[in-house]
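Residue numbers (full-length UniProt numbering): 1 to 95.
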């Protein structure tokens with residue numbers, strides 16, 4: 001008897017599509033490969049399905065996405081005009 005709230009396993013093609021999107025978000029094959037410790041050839045093999053997506057690869061990609069998101073949030077706080085400290089005197093109207 002199956003559990004009513006049990007989640008179904010991820011479809012391999014759907015997982016590969018999500019991984020491909022993660023690679024795009026990390027800056028492409030070269031940048032993503034560097035971020036997760038894979039060569040460009042290794043990344044191509046993972047994306048094409050020639051090599052399986054091992055949970056360790058997915059974990060490294062997840063960690064790289066978190067680090068990238070953290071860096072983006074920090075940069076947004078430094079560049080956003082919503083914070084007066086990020087504006088020049090001319091932008092504030094004092095120049």
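The beta carbon of each residue, even a glycine, is placed where N, CA and C say it ideally should be.
Computed from a prediction, not measured in an experiment: that's the story for all the values here.
Practice prompt. Measure the Cβ-Cβ separation of residue 65 and residue 22 and say whether it is below 8 Å.
Written response: To locate residue 65, count along the chain shown from 1; it is residue 65. To locate residue 22, count along the chain shown from 1; it is residue 22. For residue 65 and residue 22, yes; Cβs fall inside 8 Å.
Fill in: residue 35 beta carbon less than 8 Å from that of residue 26
Translated into positions along the chain shown, residue 26 becomes position 26. Translated into positions along the chain shown, residue 35 becomes position 35. Yes, Cβ-Cβ distance for residue 26 and residue 35 is below 8 Å.
Discussion item. I need the DSSP call for residue 39, collapsed to helix, strand or coil.
Written reply: Stepping through the chain shown from its first residue, residue 39 is reached at position 39. In the structure shown, residue 39 sits in coil (DSSP, three-state: anything other than H, G, I, E or B).
Worksheet item: When DSSP labels each residue in this structure, what does residue 88 get in the three-state scheme?
Response: Taking the chain shown and counting its residues from 1, one reaches residue 88 at position 88. Correct three-state label for residue 88: coil.
Worksheet item: When DSSP labels each residue in this structure, what does residue 7 get in the three-state scheme?
Response: Residue numbering aside, residue 7 sits at position 7 when the chain shown is read from its first letter. Of the three classes helix, strand and coil, the one that applies to residue 7 here is coil, per DSSP.
Worksheet item: What does a CB cutoff of less than 8 Å around residue 13 pick up in its chain, not counting 5 residues either side in sequence?
Response: Position 13 of the chain shown, counted from the start, is the residue given in the question as residue 13. Nothing meets the Cβ criterion.
Worksheet entry | Spatial distance of residue 59 from residue 37 (CA atoms) | Along the chain shown, read from residue 1 onward, the residue named residue 59 stands at position 59. Along the chain shown, read from residue 1 onward, the residue named residue 37 stands at position 37. Rounded to whole angstroms, residue 59 to residue 37 spans 12 Å at the Cα level.
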